[in-house]
Amino acid sequence: MSASGQTPLKVLVVDDEPLARENVRVLLAADPQVEVVGECTGLDAPPAIARLRPDILFLDIQMPDLDGFALLDLVGPAAVPAVVFVTAFDQYALHAFEVHALDYLLKPFTDARFKAALARAKSQAHSHRQGGLDASISALLQARQAPRSRFLIPGRDKNIVLEADQIDWIGAADYYVSLHCGGVSHLLRESMEEMERQLDPEQFVRVHRGTIVNLARVREVHPLFRGGCELKLTDGTMLKLSRDRRARFEARFALLGMRR
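Each residue of the sequence shown is one higher than the one before, counting from 9 in our numbering.
See the structure below:
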């Protein structure tokens, strides 16, 4: 509990350089209204965000294992806290703002510039806590949100970064979805509805209550009795296309053929 009687805001520092993380940590230590709950590199950040649930994220953009924008893409917009991007490249500033960073710090930055960015981040974090995020801004951000291009697959020994383009099809598996990629499947704790919402609708189409297919993998379409179809993928996999989803599939499939 801080001197103001409020619970300190939790901060996670993400940077591939230990000295850079230490510099941010030292500056944060001077503010009793925040608490550093962790620091890590880019690839370790998604599970750290899920575990620690920080209110503020200080995030380096250029990291060799996983850059800042790809990291946010993996985490998903719903789980992203208030963000301050830290970068040595000012051309990234506008992009940072578009993925709802409150501010950015251009290396090397002064203590005064850091304090100003932190103050704005604290204001945004409190807004999130109280449910006071402006509705029009939230709607604008959702409208500008690009489809997810990567997914982080948790493993026993290491996490796997999976490109959306690698996915052949997706099947429902109880509380999980199974991502099928070149004969290998990966489990991810998401619903089919959430996966359908996040993926590029021009590339992925839900063809059955429990199936989403990558249109680029469909090789043949076989009509069945009563209006349904079977889809044959490039690897030989056969999937059912339900009658009520056939029109949407055919429209999307035709558009894909026109773009080729």
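Ideal placement from N, C-alpha and C gives every residue a C-beta, glycine not left out.
Going by other Cβ atoms of all chains shown within 10 Å of its Cβ, with 16 needed for buried, is Q206 buried or exposed? Counting from 1 along the sequence shown, the entry for residue 206 is found at position 198. So Q206 ends up on the buried side.
Anyone know if the C-beta pair for T242 and D173 falls short of 9 Å? By one-based count along the sequence shown, residue 242 stands at place 234. By one-based count along the sequence shown, residue 173 stands at place 165. D173 is positioned such that its CB atom lies no closer than 9 Å to that of T242.
Measure the alpha-carbon distance for V107 versus V192 and round it to whole angstroms. Counting from one through the sequence shown, the residue named residue 107 turns up at place 99. Counting from one through the sequence shown, the residue named residue 192 turns up at place 184. Because V107 sits at a pLDDT of 48, beneath the cut-off of 50, its placement in the model cannot be relied upon, and the point is left open.
I think F261 touches L223, with their Cβ atoms under 8 Å apart; what is that distance to the nearest whole Å? The residue given as residue 261 occupies position 253 in the sequence shown. The residue given as residue 223 occupies position 215 in the sequence shown. Between L223 and F261 the Cβ distance is about 6 Å, and since that is below 8 Å, they are a contact.
Mind reading off the beta-carbon distance from H216 to L249? Whole number of angstroms is fine, and I expect it under 8 Å. Here residue 216 refers to the residue found at position 208 when the sequence shown is read from its first residue. Here residue 249 refers to the residue found at position 241 when the sequence shown is read from its first residue. The Cβ separation is near 7 Å, so the contact holds.
Endpoints, the beta strand (DSSP E) within which P231 is located: Taking the sequence shown and counting its residues from 1, the one referred to as residue 231 is at position 223. Per DSSP, P231 belongs to the beta strand (DSSP E) from V226 to P231.
Going by CA-CA distance only, name the one from I64, T245 and V229 that's closest to R6. Nothing about residue 6 can be read from this structure; the chain reaches only from 9 to 268.
Between the segment 41 to 59 and the segment 156 to 169, do three or more beta carbon pairs fall short of 8 Å? yes
Need the endpoints of the alpha helix (DSSP H) that V32 sits in, please. The count along the sequence shown starts at 1 and reaches residue 32 at position 24. From DSSP, the alpha helix (DSSP H) with V32 extends over P26 to L36.
Measuring only the C-alpha atoms, how far is F297 from R197? Nothing can be reported for residue 297: it is not among the residues displayed for the chain, which extend from 9 to 268.
Going by the beta-carbon positions, is the gap between V21 and V32 smaller than 9 Å? The residue given as residue 21 occupies position 13 in the sequence shown. The residue given as residue 32 occupies position 24 in the sequence shown. Yes. Within cutoff.
Can you give me the Cβ contacts of D111 inside the same chain, cut-off strictly under 6 Å, excluding the 5 residues immediately before and after it? Position 103 of the sequence shown, counted from the start, is the residue given in the question as residue 111. These residues qualify, in order along the chain: V92, A125 and R128.
Should L67 and D119 be called a contact, given that it needs their Cβ atoms to be closer than 9 Å? Position 59 of the sequence shown, counted from the first residue, corresponds to residue 67. Position 111 of the sequence shown, counted from the first residue, corresponds to residue 119. Cβ distance not < 9 Å, so L67 and D119 don't count as in contact.
Note down the Cα distance separating P89 from L65, rounded to an integer number of angstroms. Working through the sequence shown from its first residue, we reach residue 89 at position 81. Working through the sequence shown from its first residue, we reach residue 65 at position 57. P89 and L65: Cα-Cα distance of roughly 6 Å.
Note the first and the last residue of the continuous alpha helix (DSSP H) segment covering M71. The count along the sequence shown starts at 1 and reaches residue 71 at position 63. M71 -> no alpha helix (DSSP H), and no H or E assigned at all.
Identify which residue in E30, F159 and V213 has its Cα closest to the Cα of C195. In the sequence shown, counting from the first residue as 1, residue 195 sits at position 187. Residue identity differs from the one stated: residue 195 is Leu in this sequence, not Cys. Ranking E30, F159 and V213 by Cα distance to L195 puts F159 first.
Quick one: Cα of D63 to Cα of L17, how far? For the purposes of this step, residue 63 is taken as the residue at position 55 of the sequence shown. For the purposes of this step, residue 17 is taken as the residue at position 9 of the sequence shown. Between D63 and L17, the C-alpha separation is close to 6 Å.
Take E238 and list the residues in its own chain whose beta-carbon comes closer than 8 Å to its own, dropping the five residues that flank it on each side. Residue numbering aside, residue 238 sits at position 230 when the sequence shown is read from its first letter. The residues are V229, H230, L232, M246, L247, K248 and L249.
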